[in-house]
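See below for the structure under consideration.
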Amino acid sequence: MKIASSVSGVLLGAAFVVFGLNFFLKFIPMPPPPPADSPVGMFMGAVYGTGFMAFVKVLEILGGLLVAVPRTRVLGLLVLAPIVVNIVAFHVFIARAGVFDPPVLLVSVLTLFLIVSHRRGVAALLADRG
1020 MKIASSVSGV LLGAAFVVFG LNFFLKFIPM PPPPPADSPV GMFMGAVYGT
1070 GFMAFVKVLE ILGGLLVAVP RTRVLGLLVL APIVVNIVAF HVFIARAGVF
1120 DPPVLLVSVL TLFLIVSHRR GVAALLADRG
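Quick note on this note's numbering: the sequence shown kicks off at 1020 and runs consecutively.
Quick look at the structure:
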């Protein structure tokens, strides 16, 4: 289980670091933008135009680095889990592609596996110590 957790953490971390950096450095070619009057085009216009996407990409890079290191994996999951939920929500509600798009499915499964395999650490972060 420890090896699977390490491999999953490195894969998830690498995916978020690579695609987060690609936003700024543009080393992977991107598909053409969707039509501006489509739901996806309107959503992308809002998040790119306001700078919100740059903020999310910085969090993706930070979370990816944290989740790749076993000692900081739970903190990385705390950063990445809301981003993964938003990725899934975007594909289900806006793009209407569903969760069975391979990259979405891979990121979701890796995140869920890491949350389950580090459930004690995740529970400790969520515990009420007040």
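Ideal Cβ positions, reconstructed from N, Cα and C, are used throughout, including at glycine.
Every value quoted in this text rests on a predicted model; they were computed, and no experiment measured them.
Remark: three or more beta-carbon pairs, one from each stretch, lie closer than 8 Å, so the region 1096 to 1107 and the region 1128 to 1141 are flagged as touching. THR1091 and MET1020 have their alpha carbons spaced roughly 17 Å apart.
For the 8 Å CB-CB criterion, PHE1046 and GLY1083 do not form a contact. Taking the C-beta atoms as reference points, VAL1086 is found no nearer than 8 Å to GLY1140.
Minimum Cα-Cα distance from PHE1038 among the listed residues MET1072, LEU1145, GLY1060, GLY1068 corresponds to MET1072. Out of ALA1146, ASP1147, GLY1032, GLY1149, the CA that lies nearest to the CA of VAL1088 is found in GLY1032. Positions of the alpha helix (DSSP H) runs, each at least 4 residues long and wholly inside the region 1070 to 1103, are given as 1071 to 1087 in order along the chain. Here the alpha carbons of MET1061 and ALA1055 stand approximately 6 Å from one another. Going by C-alpha positions, PHE1074 is about 25 Å away from ARG1115. One Cα belongs to ASN1105, the other to THR1069, and the distance between them is close to 17 Å. In this structure VAL1118 does not touch VAL1126 by the C-beta definition: roughly 10 Å separates them, more than the 8 Å allowed.
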